[in-house]
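Q: Using my numbering, you'd call the opening residue of the sequence shown number 1010 and step up by one each time.
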Amino acid sequence: MDQKGLRGSSPARIDDKGRLKVPTIFRGIVQDQHGPDVFVTSLTGECVRIYPMPTWLEIERRLQQMPGNHPARLKFLDRVNYYGQAGELDAQGRIVIPAHLRDSASIVGDVRVFGRIDYLEVWNEERFLEKLHREPWTDEDGLGLASHGI
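1. In whole angstroms, what separates the C-alpha of methionine 1062 from that of phenylalanine 1137?
2. Check whether the Cβ atoms of leucine 1098 and valine 1039 sit closer than 8 Å, and answer yes or no.
3. Please state whether DSSP places tyrosine 1091 in a helix, a strand or coil.
4. Is it a yes or a no for the stretch 1086-1103 touching the stretch 1025-1043, going by three-plus beta-carbon pairs under 8 Å?
5. Let me check understanding here. Comparing Cα to Cα, which of Arg1111, Leu1152, Ala1021, Arg1071 lies closest to threonine 1050?
6. Pull up the CB-CB distance for glycine 1126 and leucine 1029, whole angstroms please, since I reckon it's below 8 Å.
7. What does the Cβ neighbour count give for isoleucine 1159, buried or exposed, with the cut at 16 atoms within 10 Å?
8. Suppose the cutoff is 7 Å on Cβ atoms and the five residues either side in sequence are ignored; what does the same chain contact list for glutamine 1094 look like?
9. Out of Trp1132, Pro1080, Val1047, Ser1115, state which residue places its alpha-carbon closest to the alpha-carbon of serine 1019.
10. Measuring CB to CB, does valine 1047 end up less than 8 Å from isoleucine 1034?
11. Per the DSSP calculation, valine 1120 is bridged to which residue(s)?
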């Protein structure tokens, strides 16, 4: 089977119980290729990252190859574990987002879900648009991608 990446974006909603209904364009790919188990977390608290569990386990495997006291490893683990929680897509394709992460990311009601090839990001759309304006695309960004053949 061809591996399909998670790409594009779609509006979604966080319900009153803190559950995100994963948009159909992403749900099938996640469930078919990876199963229902996910790791929900953030690095900054600005948005939510949803990793299919096999993808997250590969990240953990790579972290285990680093020295246990490596500052970047510890800083990364501090953040992803503070915000993080294992979960699963229920029969309706919903995932519970931890309350403190919903508060930090200001995601309530209508949100936007972005495909990031191997994980999903959930943003308060207004906050995301502010980020786009605050961090404009530059020639340096283009050169960075070109150096990788993109």
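Here a beta-carbon is modelled for each residue, glycine too, at the ideal position from N, C-alpha and C.
For clarity, every value in this text was computed on a predicted model and none was experimentally measured.
A: If we stick to the structure as given:
1. Sequence index remark: in the sequence shown, residue 1062 carries index 53 (1-based). Sequence index remark: in the sequence shown, residue 1137 carries index 128 (1-based). Those two C-alpha atoms are separated by around 25 Å.
2. Within the sequence shown, the letter at position 89 stands for residue 1098. Within the sequence shown, the letter at position 30 stands for residue 1039. Yes, the Cβ-Cβ distance between leucine 1098 and valine 1039 is below 8 Å.
3. Taking the sequence shown and counting its residues from 1, the one referred to as residue 1091 is at position 82. Note: tyrosine 1091 maps to helix in three-state DSSP.
4. yes
5. Mapped onto the sequence shown, residue 1050 falls at position 41. Among Arg1111, Leu1152, Ala1021, Arg1071, the Cα nearest to that of threonine 1050 is on Arg1111.
6. Residue numbering aside, residue 1126 sits at position 117 when the sequence shown is read from its first letter. Residue numbering aside, residue 1029 sits at position 20 when the sequence shown is read from its first letter. The question names glycine, yet the displayed sequence has isoleucine at residue 1126. Wrong, their Cβ atoms sit about 19 Å apart, outside the cutoff.
7. To locate residue 1159, count along the sequence shown from 1; it is residue 150. Counting Cβ neighbours within 10 Å, isoleucine 1159 comes out exposed, since fewer than 16 surround it.
8. Taking the first residue of the sequence shown as 1, we reach residue 1094 at position 85. Taken in chain order, the residues that qualify are Val1049, Pro1107.
9. Translated into the one-based positions of the sequence shown, residue 1019 becomes position 10. Taking only the C-alpha atoms, the option nearest serine 1019 is Trp1132.
10. For the purposes of this step, residue 1047 is taken as residue 38 along the sequence shown, with counting starting at 1. For the purposes of this step, residue 1034 is taken as residue 25 along the sequence shown, with counting starting at 1. No. Outside cutoff.
11. Your numbering for residue 1120 matches position 111 in the sequence shown. In the DSSP output, where bridge partners are listed per residue, valine 1120 has Ala1021.
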